[in-house]
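Read through the structure below, which is laid out as structure tokens, and then see the notes.
Protein chains: 2
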Amino acid sequence: MTALASLVNHQLRLASRPVGPISADNWQFIEAPVAEPAEGQVLVQTLLLSLDPAMRGWLNDARSYIPPVGIGEVMRAGGIGRVLVSRDPAFAPGDLVSGLLGAQEYCAAAQAIPGSRALQKIDTRLGSPSQWLNVFGIPGMTAYFGLLDVGQPQPGDTVVVSGAAGAVGQTVGQLARIKGCRVVGIAGGPAKCQWVVRELGFDACIDYKSGSVRDGLKQHCPKGVDIYFDNVGGEILDHVLARLRPKARIVLCGAISQYNATGAMVGPKNYMALLVQRARMEGMVVFDYAPRFPAAIAELAGYLKDGRMKSREDIVDGGIAAFPRALDMLFSGQNFGKLVLKVAD
Amino acid sequence: MTALASLVNHQLRLASRPVGPISADNWQFIEAPVAEPAEGQVLVQTLLLSLDPAMRGWLNDARSYIPPVGIGEVMRAGGIGRVLVSRDPAFAPGDLVSGLLGAQEYCAAAQAIPGSRALQKIDTRLGSPSQWLNVFGIPGMTAYFGLLDVGQPQPGDTVVVSGAAGAVGQTVGQLARIKGCRVVGIAGGPAKCQWVVRELGFDACIDYKSGSVRDGLKQHCPKGVDIYFDNVGGEILDHVLARLRPKARIVLCGAISQYNATGAMVGPKNYMALLVQRARMEGMVVFDYAPRFPAAIAELAGYLKDGRMKSREDIVDGGIAAFPRALDMLFSGQNFGKLVLKVAD
């Protein structure tokens with residue numbers, strides 16, 4: 001048994017709410033003691049933390065699908081950890097688990113609640129721990145249910161996905177290909193675009209940093225767009241709206257281009273294309289699909305095993321101290337693949 | 346047989362494309378001869394013409410669900426007419442018909458194409474000729490299929506409809522009540538709001554001209570909005586987005602507040618509420634449902650007959666010459682009920 005009294009829990013807490021981009025003084029680093037877990041709890045050591053665009057929204061004091069992180073609270077974050085002490089018969093020391101561990105080195109409170117999105121054991125025969133934050137984690141589940149349930153792809157459909165090299169986008173595109181669609185990505189920079197086409201098998205990828213998205217869509221989607229999986233919002237959404245096919249579906253997953261905006265959010269000015277094309281734009285929140293996660297993971301694991309799908313993570317080393325810097329990378333598009341922070345080995 | 350050579354066909358043609366609101370010099374009045382109909386055609390005298398918000402869009406040289414009206418062409422308009430001469434065995438002189446007659450006194454080219462939206466006989470036992478441009482016409486069909494097929498109302502749902510006293514809005518609200526929903530209208534001015542509540546049985550109506558739509562929605566939709574049937578767009582759409590319930594549906598039918606805008610269209614800045622609430626916004630074009638019009642008309646006729654539904658028209662007298670003025674009334678919200686132009690008795 002670990003000598004808990006000798007452990008220090010480095011935590012990242014929210015000191016104040018950011019206005020616009022997050023700055024250093026919005027965060028506070030704390031050293032807390034590590035407590036013995038209570039009956040039914042386990043003590044988990046954080047190994048990896050997931051960095052997600054949605055985190056910016058959690059810092060706003062606004063009505064959303066989840067309450068905001070409170071001032072003084074440990075920053076909310078999903079992660080992979082190792083069970084150190086267990087007072088829950090479902091877990092044993094050494095088990096690898098995923099759950100909302102928070103931006104801290106030790107988490108004593110995570111509980112296993114059947115069917116919930118709390119602590120779950122992960123099966124490393126299916127994939128690496130970092131893949132459990134990507135294709136088998138929230139991004140992969142978002143891609144799976146957003147594309148299949150909301151987007152309802154049909155063979156031959158043209159699917160466009162923004163943030164194509166990101167955590168959600170990479171799985172959306174590969175899954176759409178597997179389902180018989182033609183897939184066009186949108187990503188920033190030639191390296192990401194090349195990877196998406198050459199390694200992931202997208203039919204094309206538009207570099208929004210070096211050319212016109214409008215022209216790229218015209219070239220690569222000559223018949224228009226059946227499904228747009230939107231991770232970015234902003235003007236790219238408007239460009240895609242202008243090229244929708246009849247009965248098109250826009251899966252609204254995120255709007256990272258807008259999350260740091262301080263002025264009023266800009267709405268999609270071409271939204272009346274939805275009327276003209278009898279199209280729909282629909283939002284989704286992945287947690288609604290939690291009971292179906294195991295089946296989705298099993299399907300995706302099959303694609304990974306037979307080589308039809310890849311899962312790429314961009315792992316930043318540096319522990320909890322590097323969390324703010326890693327999060328910034330996400331909003332400036334510096335990550336290449338799912339962004340993960342390594343907290344411990 | 347009418348002496349066709351003695352008839353003059355006063356027509357309204359499009360002289361130039363408006364930028365912003367339509368002005369007098371966008372129109373041209375022409376006197377044309379009335380030709381004998383060809384084999385398979387009928388000659389129809391226009392009695393009533395429908396004035397529709399969509400007409401503004403038909404004047405723009407832009408991709409839409411229907412080609413724009415060409416410069417020099419007779420203005421497109423649906424209407425009710427009387428068959429004067431028939432060379433189609435499906436019609437006899439004296440028959441009352443509805444169809445795209447155009448803004449003119451006589452129409453020689455209308456043909457009966459089975460299953461299409463061309464010339465159709467109307468049954469005045471079900472309703473008056475002006476009602477055939479309203480509840481049994483395109484507005485009624487838009488309300489019926491937009492609400493039922495796209496909106497999918499469930500008993501107990503809170504339904505909000507803008508343009509509540511207008512052609513589409515009045516039928517949407519009454520139909521939603523019949524389907525067991527709570528209905529809140531949005532209309533301009535106390536007279537329209539009172540009529541909508543007292544005569545049509547809406548649960549409440551918000552006067553957007555005299556108060557805050559935001560506060561009105563808060564007061565009358567305390568639990569939020571399940572279905573929003575949007576005829577107006579603009580900031581009212583944003584106010585409703587901010588009050589959506591989970592799994593809400595926005596039926597995108599029109600955006601009359603924006604049709605005369607000369608700058609860039611303003612998009613709904615609160616559109617990310619669709620994500621948070623797992624809601625959808627979906628466009629519809631009524632002509633897609635043409636094969637199901639007869640069944641819808643039969644159902645609506647039943648409601649009219651048993652007194653559960655009313656159909657109000659605002660009939661402007663003055664013939665083809667009054668068409669431009671009547672169309673202006675629509676965009677300034679002066680009409681009260683479905684706006685119809687009387688061309689002949």
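In order, the protein sequence lines correspond to chains B and E. Under the numbering used here, think of the first position of the first sequence as 1, with each following residue one higher. Under the numbering used here, think of the first position of the second sequence as 346, with each following residue one higher. Ideal Cβ placement from N, Cα and C applies to all residues, glycine included. Model, not experiment: these values are computed from the prediction.
Spatial distance of residue i from residue j (CA atoms)
{"i": "P222 of chain B", "j": "A510 of chain E", "result": "42 Å"}
{"i": "T528 of chain E", "j": "I660 of chain E", "result": "This sequence places Val at residue 528 of chain E; Thr is not what is there. Each residue's Cα considered, the two are about 27 Å apart."}
{"i": "E381 of chain E", "j": "R432 of chain E", "result": "10 Å"}
{"i": "W195 of chain B", "j": "V172 of chain B", "result": "15 Å"}
{"i": "G417 of chain E", "j": "H355 of chain E", "result": "14 Å"}
{"i": "L101 of chain B", "j": "Y65 of chain B", "result": "19 Å"}
{"i": "S602 of chain E", "j": "N576 of chain E", "result": "9 Å"}
{"i": "G233 of chain B", "j": "P268 of chain B", "result": "8 Å"}
{"i": "P93 of chain B", "j": "V83 of chain B", "result": "5 Å"}
{"i": "A348 of chain E", "j": "L672 of chain E", "result": "32 Å"}
{"i": "V213 of chain B", "j": "I178 of chain B", "result": "25 Å"}
{"i": "D207 of chain B", "j": "A191 of chain B", "result": "9 Å"}
{"i": "F229 of chain B", "j": "M486 of chain E", "result": "32 Å"}
{"i": "L404 of chain E", "j": "Q373 of chain E", "result": "14 Å"}
{"i": "R543 of chain E", "j": "R588 of chain E", "result": "25 Å"}
{"i": "K655 of chain E", "j": "L133 of chain B", "result": "57 Å"}
{"i": "V596 of chain E", "j": "A618 of chain E", "result": "15 Å"}
{"i": "D560 of chain E", "j": "C526 of chain E", "result": "21 Å"}
{"i": "S98 of chain B", "j": "L586 of chain E", "result": "35 Å"}
{"i": "G460 of chain E", "j": "P636 of chain E", "result": "Low per-residue confidence applies at G460 of chain E: pLDDT is 47, beneath 50, and the placement is therefore not dependable enough to give any value."}
Residue range of the unbroken beta strand (DSSP E) whose run includes residue i
{"i": "P246 of chain B", "result": "L244 to L252"}
{"i": "L429 of chain E", "result": "G424 to S431"}
{"i": "L96 of chain B", "result": "L96 to G99"}
{"i": "E282 of chain B", "result": "R280 to G283"}
Identified DSSP bridge partners for residue i
{"i": "N354 of chain E", "result": "E:A377"}
{"i": "R347 of chain B", "result": "The structure shown has nothing for residue 347 of chain B, since chain B only spans 1 to 345."}
{"i": "F202 of chain B", "result": "DSSP lists no partner for F202 of chain B."}
{"i": "F229 of chain B", "result": "B:V161 and B:V251"}
{"i": "T469 of chain E", "result": "T469 of chain E pairs with nothing; no bridge assigned."}
{"i": "C107 of chain B", "result": "B:V44"}
{"i": "D552 of chain E", "result": "E:A532"}
{"i": "D314 of chain B", "result": "B:L339"}
{"i": "W27 of chain B", "result": "B:L14"}
Local conformation of residue i per DSSP, three classes
{"i": "E235 of chain B", "result": "helix"}
{"i": "K687 of chain E", "result": "strand"}
{"i": "F323 of chain B", "result": "helix"}
{"i": "V419 of chain E", "result": "strand"}
{"i": "L464 of chain E", "result": "coil"}
{"i": "S395 of chain E", "result": "strand"}
{"i": "L14 of chain B", "result": "strand"}
{"i": "S22 of chain B", "result": "Residue identity check: residue 22 of chain B is Ile in the sequence provided, not Ser. Three-state result, I22 of chain B: coil."}
{"i": "A176 of chain B", "result": "helix"}
Minimum Cβ-Cβ distance from residue i to chain B less than 9 Å
{"i": "G530 of chain E", "result": "no"}
{"i": "D651 of chain E", "result": "no"}
{"i": "P636 of chain E", "result": "no"}
{"i": "Q386 of chain E", "result": "no"}
{"i": "M400 of chain E", "result": "no"}
{"i": "N576 of chain E", "result": "no"}
{"i": "G496 of chain E", "result": "no"}
{"i": "C598 of chain E", "result": "yes"}
{"i": "P319 of chain E", "result": "No statement about residue 319 of chain E is possible, as the shown extent of chain E runs from 346 to 690 and does not include it."}
{"i": "Q499 of chain E", "result": "no"}
{"i": "Y616 of chain E", "result": "yes"}
{"i": "Q679 of chain E", "result": "no"}
Residue i at chain E interface by Cβ criterion, 9 Å
{"i": "R125 of chain B", "result": "no"}
{"i": "R278 of chain B", "result": "yes"}
{"i": "L12 of chain B", "result": "no"}
{"i": "S64 of chain B", "result": "yes"}
{"i": "G20 of chain B", "result": "no"}
{"i": "M281 of chain B", "result": "yes"}
{"i": "D52 of chain B", "result": "no"}
Chain-ordered neighbours of residue i on chain A, where CB pairs are closer than 8 Å
{"i": "V630 of chain E", "result": "Judged by its chain identifiers, the structure shown contains no chain A, and its protein chains are B and E."}
Unbroken alpha helix (DSSP H) run spanning residue i, endpoints
{"i": "I601 of chain E", "result": "No alpha helix (DSSP H) holds I601 of chain E; DSSP gives it neither H nor E."}
{"i": "F436 of chain E", "result": "It is not in any alpha helix (DSSP H) - F436 of chain E carries neither H nor E in the DSSP assignment."}
{"i": "Q131 of chain B", "result": "Where Q131 of chain B is concerned, there is no enclosing alpha helix (DSSP H), given that its DSSP letter is neither H nor E."}
{"i": "P307 of chain B", "result": "Reading the sequence as shown, one finds Gly at residue 307 of chain B and not Pro. Taken as a continuous stretch (DSSP letters only), G307 of chain B belongs to no alpha helix (DSSP H), as it is neither H nor E."}
beta-carbon residue i near the ligand ADP non-hydrogen atom, thresh 8 Å
{"i": "Y208 of chain B", "result": "Only the bare structure without any ligand can be found here, which leaves the ligand ADP out of the picture."}
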